[in-house]
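Chemist:
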Amino acid sequence: MEVGEAAHLQAEELAVAINEQLRRAMEAGDPAGSEARKLVAMRARWLRMYWPEGTYTPEAHKGLADGYVADERFQAYYGKVAPGAAQFLRDAIRACA
Numbered sequence: 026m027e028v029g030e031a032a033h034l035q036a037e038e039l040a041v042a043i044n045e046q047l048r049r050a051m052e053a054g055d056p057a058g059s060e061a062r063k064l065v066a067m068r069a070r071w072l073r074m075y076w077p078e079g080t081y082t083p084e085a086h087k088g089l090a091d092g093y094v095a096d097e098r099f100q101a102y103y104g105k106v107a108p109g110a111a112q113f114l115r116d117a118i119r120a121c122a
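Numbered according to our numbering, the sequence shown spans residues 26 to 122.
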């Protein structure tokens, strides 16, 4: 899906906010709690910015989340946010998507 420059910048800003929310959710410690629910909703909004309209489903989001833990590139990316972040994000998506 093609994304215009303005939409891309909006998605990049949202990505930064997602990582900040991921830190807050991890500090709260509950992958099914209110901070985690907010995180998962933000992440779903980000995915919808890139996925073709109508293709986002909670099941697809959960499948992608498994990749965050299985793929070393995602582990490295989320590891810069906080240790264990990929696992926490996966658990939050499984619980809240």
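Cβ coordinates follow ideal geometry from the N, Cα and C atoms, glycine included. No experiment lies behind these values; they were computed from the predicted model shown.
#1: Grab the span of the alpha helix (DSSP H) containing Y137 for me, first residue to last.
#2: Output the boundary residues of the alpha helix (DSSP H) element that contains E78.
#3: Quick one: what's got a C-beta closer than 8 Å to A130's C-beta in the same chain, skipping five residues either side?
#4: By a C-beta neighbour count over all protein chains shown, 10 Å radius and 16 as the cutoff for buried, is L47 buried or exposed?
#5: Give a yes or no on contact between the stretch 37-52 and the stretch 96-116, applying the rule of three or more CB pairs nearer than 8 Å.
#6: Using a Cβ-Cβ cutoff of less than 6 Å, which residues in the same chain neighbour E60 once the five nearest sequence positions on both sides are dropped?
#7: Rounded C-beta distance between V94 and R115? I'm assuming under 8 Å.
Modeler: Quick answer:
#1: The requested residue 137 is not part of the displayed model; the chain covers only 26 to 122.
#2: No alpha helix (DSSP H) contains E78, which DSSP labels as neither H nor E.
#3: Since the first and last residues shown for the chain are 26 and 122, residue 130 lies out of range.
#4: buried
#5: yes
#6: R49, A50, A53
#7: 5 Å
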